[in-house]
Amino acid sequence: EDQVTQSPEALRLQEGESSSLNCSYTVSGLRGLFWYRQDPGKGPEFLFTLYSAGEEKEKERLKATLTKKESFLHITAPKPEDSATYLCAFSGAGSYQLTFGKGTKLSVIP
Amino acid sequence: DTEVTQTPKHLVMGMTNKKSLKCEQHMGHRAMYWYKQKAKKPPELMFVYSYEKLSINESVPSRFSPECPNSSLLNLHLHALQPEDSALYLCASSQGDRSGELFFGEGSRLTVL
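Just so you know, the protein sequences line up as chains A and B, in that order. 239 is the number of the first residue of the first sequence in our numbering; add one for each residue after it. 33 is the number of the first residue of the second sequence in our numbering; add one for each residue after it.
Here it is, written out as structure tokens:
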């Protein structure tokens with residue numbers, strides 16, 4: 239069965255303390271791995287798409303990477319405004335539609 | 033600011049009421065979606081419209097009735113809902129129904145009494 243698991247469930251960082259969020263997946267025929275950011279009470283905001291192992295994408299303090307089993311979202315020198323829930327999602331051979339992980343809630347403390 | 037607009041932002045209704053959620057996008061996207069999200073859970077797909085036709089219904093109860101009047105508008109008609117239907121209802125759009133790059137609205141927070 240296709241599935242995705244995110245860890246940790248919650249992460250507290252001091253401002254400037256770099257870290258990584260993990261998204262482990264088991265998908266037959268991965269079409270794409272997606273990262274979204276969601277602020278409380280708002281809709282998710284698209285961040286990145288990764289299609290193949292070895293691919294990397296960057297945006298400001300965020301960098302997403304992909305291997306054959308995992309994706310990482312690296313956060314360099316985070317700021318309080320990076321606090322949010324980060325969701326990863328995949329589409330696979332079974333369906334083009336997204337299946338979301340449960341998310342990692344990131345809190346960055348000033 | 034999001035380019036997908038949802039109204040109302042908050043809705044409280046009784047189990048016998050009939051109400052509608054509305055969604056509008058002007059990005060020329062040809063696919064539109066309804067998702068349901070409960071607290072501390074990921075979004076769950078309900079319906080997908082592609083070129084104004086319903087292409088996916090994820091076995092959603094008939095008390096939820098979607099409608100796509102044109103390529104820019106998406107409605108979700110609500111009737112005889114249950115308290116467990118209380119959730120954040122998210123509308124999204126994308127270039128096509130095979131794209132994983134979705135643009136979400138801010139959602140409509142629904143409370144069923």
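All C-beta atoms, glycine included, are put in the ideal place defined by N, C-alpha and C. This one's a predicted model, so the numbers in the text were calculated from it and none came from an experiment.
Would you tell me roughly how many angstroms separate the C-alpha atoms of residue i and residue j, rounded to the nearest one?
| i | j | result |
| --- | --- | --- |
| residue 329 of chain A | residue 272 of chain A | 8 Å |
| residue 116 of chain B | residue 86 of chain B | 25 Å |
| residue 308 of chain A | residue 48 of chain B | 46 Å |
| residue 244 of chain A | residue 260 of chain A | 6 Å |
| residue 54 of chain B | residue 129 of chain B | 20 Å |
| residue 326 of chain A | residue 341 of chain A | 7 Å |
| residue 251 of chain A | residue 80 of chain B | 38 Å |
Could you check how far apart the C-beta atoms of residue i and residue j are, in whole angstroms? I think they sit under 8 Å.
| i | j | result |
| --- | --- | --- |
| residue 74 of chain B | residue 284 of chain A | In fact, because the Cβ distance is near 15 Å, the residues do not count as touching under 8 Å. |
| residue 83 of chain B | residue 134 of chain B | Not really, about 17 Å apart at Cβ, beyond 8 Å. |
| residue 136 of chain B | residue 122 of chain B | 5 Å |
Just to make sure I have the definition right: I need the residues of chain B whose C-beta is within less than 7 Å of the C-beta of residue i. Which are they?
| i | result |
| --- | --- |
| residue 334 of chain A | 129, 130 |
| residue 325 of chain A | 74 |
Check the Cβ of residue i against every Cβ in chain A and list those closer than 8 Å, keeping chain order.
| i | result |
| --- | --- |
| residue 93 of chain B | Within chain A, no residue comes near residue 93 of chain B; the closest Cβ sits about 19 Å away, beyond 8 Å. |
| residue 106 of chain B | Going along chain A, no residue has its Cβ under 8 Å from residue 106 of chain B, so there is no contact; the nearest lies around 14 Å. |
What in chain A is Cβ-close to residue i, meaning under 9 Å?
| i | result |
| --- | --- |
| residue 79 of chain B | Simply none; closest approach about 11 Å. |
Check residue i in the structure and name its three-state DSSP category.
| i | result |
| --- | --- |
| residue 115 of chain B | helix |
| residue 98 of chain B | strand |
| residue 16 of chain B | Because chain B here runs from 33 to 145, residue 16 of chain B falls outside it and cannot be looked at. |
| residue 35 of chain B | coil |
| residue 319 of chain A | helix |
| residue 49 of chain B | coil |
| residue 258 of chain A | strand |
Determine the chain A residues that contact residue i at a beta-carbon separation under 7 Å, and present them in chain order.
| i | result |
| --- | --- |
| residue 60 of chain B | None at all; the shortest Cβ gap to chain A is about 17 Å. |
*If you pair each beta-carbon of the stretch 250-265 of chain A with each one of the stretch 275-289 of chain A, do three or more pairs fall below 8 Å?*
no
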